[in-house]
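**Student:** In this note's numbering, the protein residues as written are -16 to 153. All C-beta atoms in this analysis are idealised placements derived from N, C-alpha and C, irrespective of residue type, glycine included.
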Amino acid sequence: MFVTGEGLIGEVKIADEEATRDFAKLLAPFLRGGDILALEGDLGAGKTAFSRALINALPSRGDQPEKEEVPSPTFTLVQIYDRAALQVWHFDLYRLEDPEEAYELGIEEAFVEGISLIEWPEKLGFLMPLSRLMINLKYGGSDTERVLSFVGNEKWRERLFALLNPTDAS
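#1: Helix, strand or coil for S114? Go by DSSP, reduced to three states.
#2: In whole angstroms, what separates the C-alpha of K(-4) from that of I90?
#3: Going by DSSP in three states, M(-16) sits in which element: helix, strand or coil?
#4: How should L147 be labelled, buried or exposed, when 16 other C-beta atoms within 10 angstroms of its C-beta is the threshold for buried?
#5: Considering just the uninterrupted stretch of the beta strand (DSSP E) at E23, what are its terminal residues?
#6: Report back the beta-carbon spacing between A7 and A40 to the nearest angstrom; my notes put them in contact at under 8 Å.
#7: Pick from K106, E96, L116, F74: whose alpha carbon is nearest that of G17?
#8: So, helix, strand or coil for Y64, using DSSP?
#9: Which residues mark the beginning and the end of the alpha helix (DSSP H) in which K30 is found?
#10: According to DSSP, what are the bridge partners of Y122?
#11: Helix, strand or coil for W139, going by three-state DSSP, please let me know.
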């Protein structure tokens, strides 16, 4: 789903879960407070695995474990992780019946203060900020391979272009 001012920033092929962790380590330094990552993909496409890898790629605070257990928030709808200077809000909105229910989960606070990882972002409808980065996870050529497509506005393009298009960067 594209909106005005958005475009494909780049695509990345990920061979397996280990490569997902490696890519998350490359992406993590580009993230800032207030960032919203909307994760799209079929059931089992790897949205939670990608979220887990990204959460654990962010630096931990001294009083927090370096490696977090990151279960799918399918039943709790949201899990919050304290990482370094930021909180990471991991939402799974699959069971949301009305976009307004997201307010009860603290989504407004998450959008302002932390990094938001949102599985099933289409459930937010009109509440999804246009400033988000859409990451579409698709099955690749093997059982373990995934293709990640990144769609965002100019702000995201400027921040991620070199990461996602290393041969085109000048």
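**Tutor:** The structure says:
#1: coil
#2: 30 Å
#3: Confidence at M(-16) is low in this model, with a pLDDT of 44, below 50, so its placement is unreliable and the value that follows should be read with caution. It is coil, neither helix nor strand.
#4: buried
#5: 19 to 24
#6: 4 Å
#7: E96
#8: strand
#9: 30 to 40
#10: R129
#11: helix
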